[in-house]
Amino acid sequence: MKKRITQDDYIKANRKASREAEIEMYGHPICHTRVHQSKKVYNRKKIKATDKKLPLSSCTSRQNVIQSVPVLRLLNQ
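Be aware that the sequence shown starts at 868, since it is given in our numbering, and climbs by one per residue.
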């Protein structure tokens, strides 16, 4: 008895092949249903990530300024 290929089997095989081709092309699966997020929306996570990319010299220079304030007061007297 021959097994017939149903429409569900055809769709399932097509999706699997499409997904494998997509992974091969891009290296990872692509989400086609994701909603586009506006750049104007406040995103604390993204802001924090860009702050971490800044060099540490900006942080250390601020500490040096805070530490040098008492020394400047002594010099001005």
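Even for Gly, the Cβ is constructed at its ideal location relative to N, Cα and C.
| Out of curiosity, what's the CA-to-CA distance linking R882 and M892? | Position 15 of the sequence shown, counted from the first residue, corresponds to residue 882. Position 25 of the sequence shown, counted from the first residue, corresponds to residue 892. Using only the alpha carbons, I get a separation of about 15 Å.
| Span of the alpha helix (DSSP H) around K879 | Within the sequence shown, the letter at position 12 stands for residue 879. First-last of the alpha helix (DSSP H) with K879: 874-893.
| query | Do E887 and I897 have their C-beta atoms within less than 7 Å of each other? | reply | As a position in the sequence shown, residue 887 is number 20, starting the count at 1. As a position in the sequence shown, residue 897 is number 30, starting the count at 1. E887 is not a Cβ neighbour of I897, given a cutoff of 7 Å.
| query | For S928, which of helix, strand or coil comes out of DSSP? | reply | Reading the sequence shown from its first residue, position 61 is the one you call residue 928. Reliability of the predicted coordinates at S928 is poor, the pLDDT of 49 falling under 50, and no value is obtained from them.
| So the alpha helix (DSSP H) I897 belongs to, where does it begin and stop? | Translated into the one-based positions of the sequence shown, residue 897 becomes position 30. From DSSP, I897 is part of no alpha helix (DSSP H); its letter is neither H nor E.
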